[in-house]
Amino acid sequence: MTNEAEAVKTTRPGAGFSLRQFFGDVFLKLGVLPFFLVAALIIFALASRQFLTVDNIVNVARQSVYLVLVSLGQMIVLVTGGFDLSVGTAIALTSVTSATAMVYFASVFPEAAFLVVTLGILTGFLAALAIGALNGLGVAKFGVSPFIMTLGVQSMGAGVALFITGGVPIGGLPYAFGDFFGFGRIAGVPVPVVVAVLAIIVIWTLMNRTRTGARIYAVGGNVKAAKLSGINTARTLFTAYMVCALLASLSGVLLTARVESGETNLGGTIALESIAACVIAGVSLRGGIGRVESVVLGAFFIVLVQNGMNLMQIGSYMQMILLGGLLVLAVVIDQFRYRMLIGDR
Numbered sequence: 001m002t003n004e005a006e007a008v009k010t011t012r013p014g015a016g017f018s019l020r021q022f023f024g025d026v027f028l029k030l031g032v033l034p035f036f037l038v039a040a041l042i043i044f045a046l047a048s049r050q051f052l053t054v055d056n057i058v059n060v061a062r063q064s065v066y067l068v069l070v071s072l073g074q075m076i077v078l079v080t081g082g083f084d085l086s087v088g089t090a091i092a093l094t095s096v097t098s099a100t101a102m103v104y105f106a107s108v109f110p111e112a113a114f115l116v117v118t119l120g121i122l123t124g125f126l127a128a129l130a131i132g133a134l135n136g137l138g139v140a141k142f143g144v145s146p147f148i149m150t151l152g153v154q155s156m157g158a159g160v161a162l163f164i165t166g167g168v169p170i171g172g173l174p175y176a177f178g179d180f181f182g183f184g185r186i187a188g189v190p191v192p193v194v195v196a197v198l199a200i201i202v203i204w205t206l207m208n209r210t211r212t213g214a215r216i217y218a219v220g221g222n223v224k225a226a227k228l229s230g231i232n233t234a235r236t237l238f239t240a241y242m243v244c245a246l247l248a249s250l251s252g253v254l255l256t257a258r259v260e261s262g263e264t265n266l267g268g269t270i271a272l273e274s275i276a277a278c279v280i281a282g283v284s285l286r287g288g289i290g291r292v293e294s295v296v297l298g299a300f301f302i303v304l305v306q307n308g309m310n311l312m313q314i315g316s317y318m319q320m321i322l323l324g325g326l327l328v329l330a331v332v333i334d335q336f337r338y339r340m341l342i343g344d345r
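Rendered as structure tokens:
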């Protein structure tokens, strides 16, 4: 009996240590997201019977498309050690410029809906890429702080969008645009979801299978070492901001098709939400760390939380407070995780 008791005593600490190590490994590899996700599922499932229904989960997946696209771009910039506050403006400017272009080209080519939509989308992409180019030049070429640069560009872009529209939504878009990009389906799958899946595959390939992705991680990990190893850090930073703007613009096109009008208020809170999605997904604010698949799940989590709060009938103002608090908590935990990663326990 004594030997059995001693054996139990010796195995219990080992079992406990293994469990702690398992959770510790998950935390180091994936960040706080798995724990937040489990907590959210339990809380909202207990609060509302509708939360875990198939229809609601499908609805959350559909709504998360726009944030997923923006968060992927935000992740790329965060990995370089910066961030982009102008993604909301890129969405708004894409919306109003593409809508304006479609209305104009529809009067020039009234019988060519495909051409009108294509030219309109390209116009929106060019407008957003101008924002990305400004951010990239300021940060990469002139060494301006990403916070100041993207904040300034955000203000400029918002002003341009308001100037174009006068604060009035632009309607009269081609029916084919909203019908396909907003509500269309391919093999039964909504077009926005198809676009998001393709974007996820492209960005995953970029970050994990190309030299450009390796350089982005290298610049974020240690910019001085990256320079010494022969990496053109300025070009890498410029590319990161351009890709971020392009992904935000893609989200802007899909949102414009969804509401069927050019709107200056699209993407108003998406900068905060995309940063929150990335940080919760384990992307380090210090740069060099971030996984595409985790960011996709992080964006889904943010929309899931918003959906759960809506089902609980929590007001929009309180939702802003809770999401902001969630971001602060995630940043605090990220600092702790960073210390663990560098071995400062």
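Residue 24 in UniProt numbering sits at position 24 of the sequence shown, with consecutive numbering throughout. The beta-carbon is built from N, C-alpha and C at its ideal position, and this holds for glycine as well.
Using CA coordinates, which residue listed in the options is at the minimum distance from residue i?
i, options, result
"Tyr66", "Leu28, Pro169, Val303, Tyr338", "Val303"
"Thr150", "Gly82, Phe177, Leu255, Pro110", "Gly82"
"Glu263", "Gly166, Ile289, Ile203", "Gly166"
"Phe180", "Ile43, Ala158, Val259", "Val259"
"Tyr175", "Val296, Ile314, Ala99, Val160", "Ala99"
"Val279", "Ser71, Asp25, Asn59, Asp55", "Ser71"
Roughly how many angstroms separate the alpha carbons of residue i and residue j, rounded to a whole number?
i, j, result
"Ala92", "Leu19", "47 Å"
"Ala199", "Leu69", "7 Å"
"Pro110", "Leu255", "24 Å"
"residue 432", "Val108", "Coverage of the chain is limited to positions 1 through 345, which leaves residue 432 absent and any answer about it impossible."
"Leu266", "Leu28", "35 Å"
"Leu250", "Ala130", "14 Å"
"Val243", "Gly132", "8 Å"
"Phe300", "Gly184", "21 Å"
"Gly182", "Gly188", "14 Å"
Would residue i be called buried (16 or more neighbouring beta carbons within 10 Å of its own) or exposed?
i, result
"residue 353", "Beyond the ends of the chain as shown, which are 1 and 345, falls residue 353; an answer cannot be given."
"Ala127", "buried"
"Ser284", "buried"
"Phe125", "buried"
"Arg339", "exposed"
"Gln74", "buried"
"Ala39", "exposed"
"Ser229", "exposed"
"Met207", "buried"
"Phe36", "buried"
"Lys9", "Unreliable placement is indicated for Lys9, whose pLDDT of 46 sits below 50; the coordinate value is still reported in the next sentence. Exposed is the call here."
Going by the DSSP bridge assignment, what does residue i pair with across the sheet?
i, result
"Gly262", "Ile170"
"Ile186", "Val189"
Within 8 Å, do at least three Cβ pairs link the segment 82-93 to the segment 147-158? yes
Counting Cβ pairs closer than 8 Å, one from the segment 96-116 and one from the segment 163-179, do we hit at least three? yes
May I ask you to verify whether the segment 314-325 touches the segment 266-276, counting CB pairs closer than 8 Å and requiring at least 3? yes
Would the segment 222-241 and the segment 49-57 be scored as touching if the rule is three or more Cβ pairs under 8 Å? no
Assess contact between the segment 279-295 and the segment 217-224, defined as three or more Cβ pairs (one per stretch) separated by less than 8 Å. Is contact present? yes
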